[in-house]
Ligand code: SDX
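Numbering (my numbering), first residue to last: 682 to 1138.
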């Protein structure tokens, strides 16, 4: 029965004159939605929205983005305030539980994460199956999925306590596995996590310490790492988070769902963009090449895109990019790289692009990936590790969304439909009636071809 207080929109089929009232639901912020869950049963129509440019896939309370205003809130808190004043594990708690933790809650949360940072010793042998030059994202896809083979006591998605432990394990073990992937590529021994270090300090320690000498983490770099992790922690229903939600809807275990998210993040249009930006900046080389690269980005026939620019949601400056640009300056200054040519190229590229009519008309601004690669490279990470760091941070958002689905009661499996434009019904055609050469004819003509090749040399 339709609630008369409900707001509706009316759909009219101009062909038949039939009309239907569709309920409208309002959120606390952002666009309202037309609830089309009964559209097909009531009208016989599907909606069609490849890329989901106008589709709400779920209800969520975790992150809000206003793309036109360049606003990003995590549980109502602006990203720039969190980046400046919070730390990564505190933001991970906020994403998952909805509020900033008090002292007791924060202490308990940090202890829960800290005591899960080690991985099963046997898991380390998985790395040996990879070539040393394997892309670390390929390694992460493999070893994170393999976690479900080691932690059976946190794979039952219907057990709340097991779900909680799975979240602890995933947030805690991602940096350990990421650092191991980095060490594996260098041939250096893996470094065990330390319980006396913060999340970012521990990660940098596991990446850069060696058994041969003491290692102290630079506090400026540790703070920058925390900020980078915070800026990448969550971003509403992006491709990889939607992948995690879809995988979870079939009842897949949490480690498999996060492994699915990692694979989706790897693409250069998504989390792989930070690696692609640096390759682009290096390819540009000097500032005088910038007009050529801008010309290519505007050429529809070229297929080249200005990496680190544009966003499905932001039609204004990505608020994360602003914090990232400031962090970039801090790190380069700390490392004595104030005049890094790549940063100068990036700044000039941004300046020119933001004045260009094409980018203005299409509302293309720098996104979170535009500056991150410059910082990570300055910190000593190879380009192939950039998206791995993104995955370490985004795990906090992925597990928060994964958990949120269970709070909505019984999950329905995600199963989109389609607009079918293939062949209509037809009967099977036996091979001999399909034309072309018979096997014997094909064999003879191939033999004749090879023979003539041999004869002619
Ligand atoms: C992330 O979704 C998220 O939240 C993602 C993310 C997160 O935190 O999870 O924010 C992280 O993925 C950031 C985005 C990183 N990717 C890149 O930097 C790659 C370069 N950017 C583009 O590939 C593109 O902007 C996307 C993929 C990010 C968004 O693409 P859309 O929303 O599908 O937009 P579109 O492809 O329809 O582009 C609209 C127009 C097109 O021109 P027309 O066909 O209308 O003539 O803008 C053009 C595009 O050709 N365009 C670009 C461009 N991005 C879009 N032209 C040149 N350079 C670009 N970068």
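Don't be surprised by glycine CBs; every beta carbon is placed ideally from N, CA and C.
- C-alpha distance - residue 846 paired with residue 825, whole-angstrom precision: 15 Å
- Message: ligand 1 and residue 780: does the residue's C-beta get closer than 7 Å to at least one heavy atom of that ligand?
- Response: no
- In the DSSP assignment, find the beta strand (DSSP E) that holds residue 1022 and state where it starts and stops. If you look at residue 1022, you'll find it isn't in any beta strand (DSSP E); it sits in the alpha helix (DSSP H) that goes 1022-1036.
- Task: With a threshold of 16 other CB atoms inside 10 Å of the CB of residue 744, please say whether the residue is buried or exposed.
- Result: Label assigned to residue 744: buried.
- Message: For a quick check, are the C-beta atoms of residue 994 and residue 748 less than 8 Å apart?
- Response: yes
- Rounded to whole angstroms, what's the CA-CA distance from residue 784 to residue 988? Just pull it up for me. 41 Å
- Message: Short of 7 Å in beta carbon distance, which residues of its chain neighbour residue 1006, apart from the five on each side in sequence? Order them along the chain.
- Response: 1052
- Candidates 850, 918 and 888: closest to residue 791 by CA position: 850
- Query: Going by the CB atoms, is the gap between residue 922 and residue 1079 shorter than 8 Å?
  - Reply: yes
- Message: Looking at the secondary structure, which residues open and close the beta strand (DSSP E) in which residue 706 lies?
- Response: 700-706
- Message: Taking the beta carbon of residue 1020 as the centre, do at least 16 other beta carbons fall within 10 Å, making it buried, or is it exposed?
- Response: exposed
- When 861, 869, 731 and 1028 are compared against residue 962, the one with the closest alpha-carbon: 1028
- Message: ligand 1 and residue 990: does any heavy atom of the ligand fall closer than 7 Å to the residue's C-beta?
- Response: yes
- Close Cβ partners of residue 1015 (< 6 Å) along its chain, the five nearest in sequence each way excluded: 901
- Pick out the complete alpha helix (DSSP H) segments inside the region 746-803, 4 residues or longer, and give them in chain order. 760-766, 769-778 and 784-795
- Query: Do you know how far the Cα of residue 706 is from the Cα of residue 713?
  - Reply: 6 Å
- Message: Is residue 951 near ligand 1 - that is, is its Cβ less than 7 Å away from at least one heavy atom of it?
- Response: Residue 951: yes, Cβ under 7 Å from ligand 1.
- Going by the beta-carbon positions, is the gap between residue 813 and residue 861 smaller than 8 Å? Going by C-beta atoms, residue 813 is not nearer than 8 Å to residue 861.
- Query: Taking the alpha-carbon positions, what's the residue 858 to residue 960 distance?
  - Reply: 25 Å
- Query: Is residue 773 near ligand 1, in the sense that its beta carbon is under 7 Å from a heavy atom of that ligand?
  - Reply: Not under cutoff, so the answer is no.
- Item | Classification of residue 1125 by the beta-carbon crowding that lies within 10 angstroms, buried from 16 upward | Taking all protein chains shown into account, residue 1125 has fewer than 16 neighbouring C-beta atoms within 10 Å of its C-beta and is therefore exposed.
- Query: Which two residues bound the contiguous alpha helix (DSSP H) that contains residue 1073?
  - Reply: 1067-1087
- Can you tell me the Cα-Cα spacing of residue 815 and residue 947, whole angstroms? 14 Å
- Item | ligand 1 heavy atom lying under 7 Å from the CB of residue 886 | It does not: the Cβ of residue 886 is nowhere closer than 7 Å to a heavy atom of ligand 1.
- Message: Can you look up residue 836 in the DSSP assignment and give me helix, strand or coil?
- Response: coil
- Classify residue 939 as helix, strand or coil using the three-state DSSP reduction. helix
- Query: What residues match up with residue 1137 in a beta bridge as DSSP calls it?
  - Reply: Partner(s): none; residue 1137 has no beta bridge.
- Proximity test, residue 1050 beta-carbon vs ligand 1 heavy atom, cut-off 7 Å: yes
- Task: Flag this pair as yes or no: are the beta carbons of residue 1099 and residue 777 separated by less than 8 Å?
- Result: no
- Task: Run the CB neighbour count on residue 1047, radius 10 Å, all protein chains shown included, and call it buried at 16 or more, exposed below.
- Result: buried
- Touch test, the region 939-954 against the region 1049-1068, Cβ-Cβ under 8 Å, three pairs minimum: yes
- Task: Decide if residue 856 is buried, meaning its Cβ has at least 16 other Cβ atoms within 10 Å, or exposed.
- Result: buried
- Message: Buried or exposed, going by whether 16 or more other CB atoms sit within 10 Å of the CB of residue 1071?
- Response: buried
- Are residue 1039 and residue 979 close, meaning C-beta to C-beta below 8 Å? yes
- Task: With residue 975 as the anchor, note down where its alpha helix (DSSP H) starts and where it stops.
- Result: 971-979
- Contact set for residue 1003: own chain, Cβ-Cβ below 8 Å, skip 5 residues either direction: 761
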